[in-house]
Each structure stands twice: as structure tokens, then as C-alpha cells.
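Residue numbers (the numbering used here): 1 to 285.
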Amino acid sequence: MAPWTNALKVTPRRHAKGYVLALILEACLIHQRNTRHPDPIHVSSHFLRPSIVGPCRIEMSTMKGGNTLETLTAKLIQNDHPNIVATLIFGTLPPFNKESSQTDLVTLAPPSPFARRTPLRTHPSACQFKPLAPRMRFNRHVQWAMDPWHEDSVKREDGPPSWAAWVRFNDQGQNVTPSTLPFLVDIFRNLPILLPDSGLRKMWFPTVFLSLEFKFAIPPNQKTVGVFAQGLYLNEGRHDTYVEVWTTPTGGEETDWREEPRCLCTSTQMNLCIPMEVNLRKGKL
1 MAPWTNALKV TPRRHAKGYV LALILEACLI HQRNTRHPDP IHVSSHFLRP SIVGPCRIEM
61 STMKGGNTLE TLTAKLIQND HPNIVATLIF GTLPPFNKES SQTDLVTLAP PSPFARRTPL
121 RTHPSACQFK PLAPRMRFNR HVQWAMDPWH EDSVKREDGP PSWAAWVRFN DQGQNVTPST
181 LPFLVDIFRN LPILLPDSGL RKMWFPTVFL SLEFKFAIPP NQKTVGVFAQ GLYLNEGRHD
241 TYVEVWTTPT GGEETDWREE PRCLCTSTQM NLCIPMEVNL RKGKL
């Protein structure tokens, strides 16, 4: 993990779920580095307790090995209690520059007319980048640019609103890596925040479950990605979020740029709505 990890002295004391899961994934990546299965394929994680700033340890073991996939279990332990338990599947992702075609039955990607295009509708050059919200203490290391098409989804009132933005790392030498993807799928505005006059914007939204599935390999020197998020259901405060992370186009706004990006990963999450006082109870740093 690189420079932005030094900025995660957050207030309140609890660490962002994506950052903590990124620590687990990074440990497993180191463990798998010299094996036949170096690439993460799927991660499912259950958050049992909030993690706070302080020492922790990660324990992992191999559940099952195979010719194609290898399954690990991992725990992040703090104060002798498991905060997160995760199951991780490793395999091999093909290089990002591997070409696909309309006759490719193994990988579905453009130019196939059946392949999903990036859900971001506005080219990054037409969006205004700015720091994240001040409450995110790593905001000087990361910037985002909202996609105005999705910002208007609340006004359209044609179903659950969606959210999307281009997100980039500012620090020199910090590129998108597999272990930053759990962090990136945690940067979005969820359904309770997007709903107008919901009265939920000052709540705390602890994560109960988070999964990632890795789709395409990350291209080299990628500092910016597109993040799309949409929640569909809100039941007594319990809500879901579906997230996609996409590569950025190399072509300009005048090109058919939405044909080029590839989905790096998808994520499914389940969160709760809890009064912020619960999160502040242990005090600020």
C-alpha cells in the first residue's frame, strides 16, 4: 500500500471498511505472489466489529488448492478479536491488452454488441475534479469528478437514483492496484444519502457484508478510474449497494469513448443506518 495509507487517520476513530479490507487483500497478494494463482478473482467479507486506528494482525490459511483456482480464508484481528473474516479466491487474470472479438465466447467485451459499456456517461475531461469531502481525511490524496448525468438521476424520479464519478489518486507513484480496489469501491454516495429529504445523511452506515469480483486486469500506470454505484432497496435502515469500477478512456470526448473502458471489478455490499453518536462514542483521535 502506498502514500495514501498514511492519510487514513480518520475522524471518527473507525477505519473505512474498504481500506481495512484492502489490508487483508494486500497480505493475501503477498502470500500468493510466487504461486500459480497470483491474481484475486473474488473476495467475500463479513464485518463483525468496527476496526479502529491501532495495531492489528492478519491470519490466513489455504482452504483448497487447484489447477485453476485457490481459496484462502483470512481474518483481521484486533485486541484478540476478529473484526473481519474473508474468503478469497485466487487465479490468473489475462493481461489487460488481450484482444477480444465478436466471436470470442470466453470473454464478453466490446466490440460485442452484447457486452456492457461503461455506465459513466460524461467523459472525464468534461468533469470537474475536486477533493473529496473534508470529513474524509485522505481527501488531499484522492480527488473525484461527479458525472452530472447521474447527479440528475434524483430529479428524473424514474426509480432508485444512481451515482457515478471519476476518481483519481494525486500522489506521485500511486497507481490503481488490486489492493486499492476495495478502497475504491468504498468511495461513493449511497442510497440513503442520495434520497432527497431522507433525514439520513448524518447517519453512520456500517458495512455488514462486502464482496468483490475482479473482471479485467488493471492496465499499467492507471491513476484514474470510473466508479458507478446504485442502491436498490432500503428496508428499516438496511440497504444494499452495487458498485462497478471502470478504466478510463484514452480517446477524447469527440470519440466513441464509451466503447473502450473495461470493468475492473464489481462489488455488492450490505449496510445499516446507525445514529452517528454510536460511532462517536469512543471519541475522536
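Virtual Cβ for every residue (Gly too), placed ideally from N, Cα, C.
| By a C-beta neighbour count over all protein chains shown, 10 Å radius and 16 as the cutoff for buried, is isoleucine 274 buried or exposed? | exposed
| Alpha-carbon to alpha-carbon, cysteine 265 and glutamine 102 | Annotation note: pLDDT 49 at glutamine 102 (below 50); position unreliable, coordinate value reported separately. If I take the Cα positions, the gap works out to 22 Å.
| query | How is asparagine 97 classed by DSSP in three states: helix, strand or coil? | reply | coil
| task | Determine contact between the segment 87-94 and the segment 33-40, defined as no fewer than three beta-carbon pairs at a distance below 8 Å. | result | yes
| request: Could you tell me whether the segment 203-222 touches the segment 140-155, where touching means 3 or more Cβ pairs closer than 8 Å? | output: no
| What residue range is occupied by the uninterrupted beta strand (DSSP E) comprising histidine 239? | 238-246
| request: Give the range of the alpha helix (DSSP H) segment to which leucine 24 is assigned. | output: Here the sequence assigns isoleucine to residue 24, which means leucine is not the residue at that position. First-last of the alpha helix (DSSP H) with isoleucine 24: 17-32.
| task | With DSSP as the reference, label asparagine 271 as helix, strand or coil. | result | strand
| field | Stretch-stretch touch, CB-based, cutoff 8 Å, three pairs: the segment 190-202 with the segment 229-239 | value | yes
| What are the start and end residues of the beta strand (DSSP E) that includes asparagine 257? | Here residue 257 is tryptophan; the residue named in the question, asparagine, does not match the sequence. Run containing tryptophan 257: none; DSSP gives neither H nor E here.
| Supposed close pair arginine 49, histidine 81 - CB separation, criterion 8 Å | 6 Å
| query | Grouping DSSP H, G and I as helix and E and B as strand, with all else coil, what is histidine 150? | reply | helix
| Start and end residues, alpha helix (DSSP H) containing proline 181 | What sits at residue 181 in the sequence shown is leucine, not proline. Counting along the chain, the alpha helix (DSSP H) containing leucine 181 begins and ends at 181-184.
| task | Tell whether a beta-carbon distance below 8 Å holds between valine 142 and valine 167. | result | yes
| task | Rank Thr250, Thr268, Arg156 and Glu70 by C-alpha distance to the C-alpha of arginine 262 and give the top, closest one. | result | Thr250
| query | Is leucine 23 closer than 8 Å to serine 45 when the C-beta atoms are compared? | reply | no
| query | glutamine 32: buried (16+ other C-beta within 10 angstroms of its C-beta) or exposed? | reply | buried
| With respect to the alpha helix (DSSP H) encompassing proline 192, which residues constitute its N-terminal and C-terminal limits? | 191-194
| request: Could you tell me which residues DSSP puts in a beta bridge with isoleucine 89? | output: His42 and Thr71
| task | Measure the alpha-carbon distance for threonine 294 versus valine 227 and round it to whole angstroms. | result | This structure does not reach residue 294, given that the chain is present from 1 up to 285, and the question cannot be answered.
| message | For leucine 210, report the span of its beta strand (DSSP E) as first-last. | response | 207-214
| Beta-carbon spacing of glutamate 26, serine 179 below 8 Å | yes
| In terms of residues, what are the limits of the beta strand (DSSP E) holding threonine 62? | 57-64
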